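There are 2 protein chains.
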Amino acid sequence: MAGTVAVIHIGQLVTLAGPQRPRVGTELRELNVIEDATLLVKGGRVAAVGRDAELRTRIPKQATVVDAEGRCVTPGFVDAHTHLVFAGNRAAEFEQRIAGATYQQIAAAGGGILRTVALTRAASEDQLLAMARRHRDWMLRGGTTTIEAKSGYGLDDATELRMLRVQARLNNEGPARIVSTLLAAHTVPPEFTNRRDEYIRWMVEALIPEVAATGLAEYCDAFCDDHAFTVNETRVVLTAARAHGLGLRLHAEQFRPGTGAALAAELGAATADHLETVTEETLGLLRAANVQPVLLPGSVFALGRTNYPPARKMVEAGLAIVLATDFNPGSSPVASMPFMLSLACLEMGLSPAEALTASTLNAAWSLGLGDTIGSLEIGKQADFLLHEFTDYREIAYFVAAPARPRVFVAGKEVTQ
Amino acid sequence: MAGTVAVIHIGQLVTLAGPQRPRVGTELRELNVIEDATLLVKGGRVAAVGRDAELRTRIPKQATVVDAEGRCVTPGFVDAHTHLVFAGNRAAEFEQRIAGATYQQIAAAGGGILRTVALTRAASEDQLLAMARRHRDWMLRGGTTTIEAKSGYGLDDATELRMLRVQARLNNEGPARIVSTLLAAHTVPPEFTNRRDEYIRWMVEALIPEVAATGLAEYCDAFCDDHAFTVNETRVVLTAARAHGLGLRLHAEQFRPGTGAALAAELGAATADHLETVTEETLGLLRAANVQPVLLPGSVFALGRTNYPPARKMVEAGLAIVLATDFNPGSSPVASMPFMLSLACLEMGLSPAEALTASTLNAAWSLGLGDTIGSLEIGKQADFLLHEFTDYREIAYFVAAPARPRVFVAGKEVTQ
Chain S
54 MAGTVAVIHI GQLVTLAGPQ RPRVGTELRE LNVIEDATLL VKGGRVAAVG RDAELRTRIP
114 KQATVVDAEG RCVTPGFVDA HTHLVFAGNR AAEFEQRIAG ATYQQIAAAG GGILRTVALT
174 RAASEDQLLA MARRHRDWML RGGTTTIEAK SGYGLDDATE LRMLRVQARL NNEGPARIVS
234 TLLAAHTVPP EFTNRRDEYI RWMVEALIPE VAATGLAEYC DAFCDDHAFT VNETRVVLTA
294 ARAHGLGLRL HAEQFRPGTG AALAAELGAA TADHLETVTE ETLGLLRAAN VQPVLLPGSV
354 FALGRTNYPP ARKMVEAGLA IVLATDFNPG SSPVASMPFM LSLACLEMGL SPAEALTAST
414 LNAAWSLGLG DTIGSLEIGK QADFLLHEFT DYREIAYFVA APARPRVFVA GKEVTQ
Chain U
54 MAGTVAVIHI GQLVTLAGPQ RPRVGTELRE LNVIEDATLL VKGGRVAAVG RDAELRTRIP
114 KQATVVDAEG RCVTPGFVDA HTHLVFAGNR AAEFEQRIAG ATYQQIAAAG GGILRTVALT
174 RAASEDQLLA MARRHRDWML RGGTTTIEAK SGYGLDDATE LRMLRVQARL NNEGPARIVS
234 TLLAAHTVPP EFTNRRDEYI RWMVEALIPE VAATGLAEYC DAFCDDHAFT VNETRVVLTA
294 ARAHGLGLRL HAEQFRPGTG AALAAELGAA TADHLETVTE ETLGLLRAAN VQPVLLPGSV
354 FALGRTNYPP ARKMVEAGLA IVLATDFNPG SSPVASMPFM LSLACLEMGL SPAEALTAST
414 LNAAWSLGLG DTIGSLEIGK QADFLLHEFT DYREIAYFVA APARPRVFVA GKEVTQ
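Protein chains in written order, with my numbering: chain S, 54 to 469; chain U, 54 to 469.
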């Protein structure tokens, strides 16, 4: 938290002020931009936004004044789907895939998720924390101030809890806010290969109650896929999680329709994530149940694929879309939210404004934080970015730019 | 230039040592990596490379010691095709294109190259320098230490020379080396629309001799395309440039085969750039004439297209491929060489090693600098990067990572 901070001479102050709910349809483009603006922060919260001329007399003498010199200010990015904590990396597999190896061949050679599981199990809590901190710092440099982070490279009691504790420690040390999700249902661990029912029973009867009791996770997620868990298995896991008070998120329909999106609607999940293969019919189910789709173009790009999720159809269907990185060592070693905006525009046909709303305010709502962060409105936590750019569209336009936003969390500059 | 610098404890020192010529075929993968290495720099040049244990006794007491802590060192990137100097940006057109506007519609509405020409003509030399410096700084942050930069947004005597002077000033102020190319044959300026022959005659009889006499450009380039200059027109321009001692580069076959690659071979150009539509037959001509293809995947990506140039076929044809950004405000607002490596691997099937050679040593050769920069061999200028990564493959793998290499030019740290 900071004292009083006044950011003046903002060329474009993108407030995203508006209705207190996720934005849909044309609302996604309504950024509520104030030009020649001042942003006033008191006690870590937005105290006022308005034209420089209007607010000039309201800036206290003792305020810290930041001169934006005509540049653009937006809310900090909220990355609502990441696998932040893991050991090692899979650059060797990246090279193998480019040379033509299939995901199946890599997995058969000991690669894939299970390689990361083995490395993560072998790492101490402090080692995992140091590695996660590096990734968190990358995200902060790109302007991400809130990060959803999933377990799921442990798949046993000790390591799943270790990952969640690392996430809690990262959240406590700040400055980025970490929202924790239990993803023990990421894949079946090797020791349960021929006993998948036992693994599911263990999650339902032991792990989920334990995690819920510790308060180490707010959400439970599952990977519903032919290579992970069936719809029925996923239903069992997530129903138990819901009964223990956890919110629900769901890896759904990444590789084949019918793998989880309808279940997300049935269970009232907060989000259905991926959805590369979702059908239009299913989009209606998500809309009716107020499930937010989380679009993860980084994993499409980094897998060298082109089947981006049908974002425009989702917007037309009235869905409150969210844009996230899916940062992970396998399918999406991509930590940058600005690059997600570029992919959203270039590959999914979203406008820069739609992409920005999806990656800030709508993402905040998907984490139950829509009344706290995601827009720059009076009373909200002052998480914001002072960009190198004068126009918010440049965030997507200058693809992969080594630009450096100045990053503020609760009004305090935390630029790395 | 610096005194003696010793970079010790390098986990992977990627030297690219080898034959003193552009690399082709399997040579592209021969990075000559030394593990647990030391790099010794004296007077701005590489004085020694070897194992830590071997070089320990050769580090002078007064040397500046940099501990790489196991991380990776590579040569600095050489970006052999950029349009670094321009005024304004085209983020509005980016938005229009996403919304479905065609390049032709945008041009008809006053957009496209001619919009940048109008803004650039209206900008003073100091204004252009300030804007170019910003882009140069982005490139430096991404690890680019040498930048080829083209004029071509002036298209009149005063502005073309102003752009070239800005490039010369940037080169003089350092730390990045700027290699200048005259690109007055970028498009026909509006005042010559119905007198294209006169524009060509002016280039040949006035501008090229003037520029050659000033020494403000080392190369001459032309955009051979249905919307720019025909093969015959391009031949006239480049033949004149060659007669005045300028090296030749050529925008060729971006949108249609038969637009310039054969001409590049005929004229003995240093490079043929773009080549998205080049045929296999033409690759043989380039090989026979030792023309280096410059691959520009950023412009394919940022135009939302998928017709990446046939890099693997070029490697098989024995061509000494080069990888560059094509940084420009229209088709490739992409300043990051690491992102080019990601595109090269994911979209063009190059291995991380091939992509690295193409973006350092081979790029240096394409600029006539292969004996000076591009590899870390004794006697060469010590332009190098100390990455955040331990493995060079991570440069391409961690797509668009907000990572920050420490950047050294002539042995001196210039990290931004």
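Cβ atoms here follow ideal geometry from the backbone N, Cα and C, with glycine treated the same way.
Treat the numbers as computed from the prediction; the structure is a model and nothing was measured.
Exercise. Determine the chain S residues that contact S404 of chain U at a beta-carbon separation under 9 Å, and present them in chain order.
Key: E148, I151, A152, listed in chain order.
Quiz item: What is the DSSP secondary structure of I112 of chain U, reduced to helix, strand or coil?
Solution: In this structure, DSSP gives I112 of chain U a state outside helix and strand, which the three-state scheme calls coil.
Self-check item: C-alpha gap between A456 of chain S and E244 of chain S, whole angstroms
Solution: Distance between the alpha carbons of A456 of chain S and E244 of chain S: 45 Å.
Quiz item: Is T199 of chain U near the ligand HEM, with its Cβ less than 6 Å from a heavy atom?
Solution: This structure does not include the ligand HEM; it has no bound ligands of any sort.
Practice problem: Provide the residue(s) that pair with Q65 of chain S in DSSP beta bridges, ordered along the chain. | Solution: DSSP lists S:E88, S:C125 as the beta-bridge partner residues of Q65 of chain S.
Quiz item: Roughly how many angstroms lie between the CA atoms of H239 of chain U and F276 of chain U, to the nearest whole one?
Solution: Using only the alpha carbons, I get a separation of about 5 Å.
Practice problem: Determine, using beta carbons only, whether M54 of chain U comes closer than 7 Å to chain S. | Solution: Confidence at M54 of chain U is low in this model, with a pLDDT of 49, below 50, so the placement of that residue should be treated as unreliable; the coordinate-derived value is given next. Not one beta carbon of chain S lies nearer than 7 Å to the beta carbon of M54 of chain U.
Practice problem: Please work out which residues of its chain come closer than 8 Å, Cβ to Cβ, to P405 of chain U, disregarding the five sequence neighbours upstream and downstream, and give them in chain order. | Solution: Cβ neighbours of P405 of chain U beyond the five flanking positions: L394, C398, Y445, R446, I448, A449, Y450.
Quiz item: If we count the other Cβ atoms within 10 Å of its Cβ and call it buried at 16 or more, is T267 of chain U buried or exposed?
Solution: Exposed, because fewer than 16 other Cβ atoms sit within 10 Å of the Cβ of T267 of chain U.
Quiz item: For A315 of chain U, is the classification buried or exposed, using 16 other Cβ atoms within 10 angstroms of its Cβ as the cut-off for buried?
Solution: Per the 10 Å Cβ criterion, buried.
Quiz item: Would you say W191 of chain S reaches chain U, if we count a Cβ-Cβ gap shorter than 7 Å as a contact?
Solution: By the rule that beta-carbons nearer than 7 Å mark a contact, W191 of chain S touches chain U.
Quiz prompt | L348 of chain U in three-state terms, based on DSSP | solution = When DSSP states are grouped into helix, strand and coil, L348 of chain U belongs to the strand group.
Practice problem: For E271 of chain U, go through chain S and note every residue whose CB falls closer than 7 Å to its CB, in chain order. | Solution: For a Cβ distance threshold of 7 Å, nothing in chain S lies close to E271 of chain U: the least Cβ distance comes to about 26 Å.
Quiz item: Taking just the CA atoms, how far does T410 of chain U sit from I431 of chain U?
Solution: Distance between the alpha carbons of I431 of chain U and T410 of chain U: 18 Å.
Self-check item: 3 or more residues per run - each beta strand (DSSP E) lying fully within the segment 338-403 of chain U
Solution: Correct list: 345-348.
Self-check item: A162 of chain U, DSSP secondary structure in three states
Solution: In the three-state reduction of the DSSP assignment, A162 of chain U falls in the coil class, being assigned neither a helical nor a strand state.
Quiz item: G464 of chain U and V94 of chain U: beta carbons closer than 7 Å?
Solution: The beta carbons of G464 of chain U and V94 of chain U sit closer together than 7 Å.
Quiz item: Since L217 of chain S is in the alpha helix (DSSP H), which residue starts that stretch and which ends it?
Solution: Boundaries of the alpha helix (DSSP H) around L217 of chain S: 210-226.
Quiz prompt | Beta carbon proximity, F437 of chain S to chain U, threshold 7 Å | solution = Cβ-Cβ to chain U under 7 Å: no for F437 of chain S.
Quiz prompt | Reference S204 of chain U, options U:L181, U:L235, U:Y252, U:I231, closest by Cα | solution = The residue from U:L181, U:L235, U:Y252, U:I231 with its alpha-carbon nearest to that of S204 of chain U is U:L235.
Quiz item: Does any residue of chain U bring its CB to less than 7 Å from the CB of L93 of chain S?
Solution: No, L93 of chain S lies away from the interface with chain U (no Cβ there is under 7 Å from its Cβ).
Quiz item: Mapping DSSP to helix, strand and coil, what is R143 of chain U?
Solution: For R143 of chain U, the three-state secondary structure derived from DSSP is coil.
Self-check item: Distance CB(L349 of chain S)-CB(D379 of chain S) smaller than 7 Å
Solution: Yes. Within cutoff.
Practice problem: Rank U:N225, U:L208, U:S233 by C-alpha distance to the C-alpha of A259 of chain U and give the top, closest one. | Solution: Minimum Cα distance to A259 of chain U is reached at U:L208.
Quiz prompt | Near-chain S residues of the segment 379-393 of chain U (beta-carbon distance less than 7 Å), N- to C-terminal order | solution = Listed by position, the residues of the segment 379-393 of chain U near chain S (Cβ gap below 7 Å) are P386, V387, A388, S389, F392.
Self-check item: Interface flag, L81 of chain U vs chain B, CB-CB below 7 Å
Solution: The displayed structure is made up of protein chains S and U, and chain B is not among them.
Quiz item: Is there a Cβ from chain S that is less than 7 Å from the Cβ of Y450 of chain U?
Solution: Interface annotation, Y450 of chain U: in contact with chain S, CB-CB separation under 7 Å.
Exercise. Could you tell me the boundaries of the beta strand (DSSP E) in which D274 of chain U lies?
Key: For D274 of chain U, the enclosing beta strand (DSSP E) covers residues 272-275.
Exercise. Buried or exposed for L66 of chain U, please, with buried defined as at least 16 other CB atoms from any protein chain shown within 10 angstroms of its CB.
Key: L66 of chain U comes out buried.
Self-check item: Below-7 Å beta-carbon distance, D444 of chain S vs any chain U residue
Solution: Taking Cβ atoms only, chain U reaches closer than 7 Å to D444 of chain S, which makes this a yes.
Quiz prompt | Interface flag, C277 of chain U vs chain S, CB-CB below 7 Å | solution = Answer no: the Cβ-Cβ gap between C277 of chain U and chain S never drops below 7 Å.
Self-check item: Interface residues of the segment 347-360 of chain U facing chain S [CB-CB below 8 Å]
Solution: Listed by position along the chain: G351, F354, A355, G357, T359.
Quiz prompt | Simplified DSSP assignment, three categories, for A521 of chain S | solution = One cannot answer for residue 521 of chain S here, as it falls past the ends of chain S, which runs 54 to 469.
Quiz item: Expressed to the nearest angstrom, what Euclidean distance is found between the alpha-carbon atoms of V460 of chain S and G196 of chain S?
Solution: Those two C-alpha atoms are separated by around 6 Å.
Quiz item: From which residue to which residue does the beta strand (DSSP E) around A34 of chain S run?
Solution: Shown here, chain S extends from 54 to 469; a query on residue 34 of chain S therefore has no answer.
Quiz item: What do you reckon, are the CB atoms on V290 of chain S and A322 of chain S nearer than 7 Å?
Solution: For V290 of chain S and A322 of chain S, no; Cβs fall outside 7 Å.
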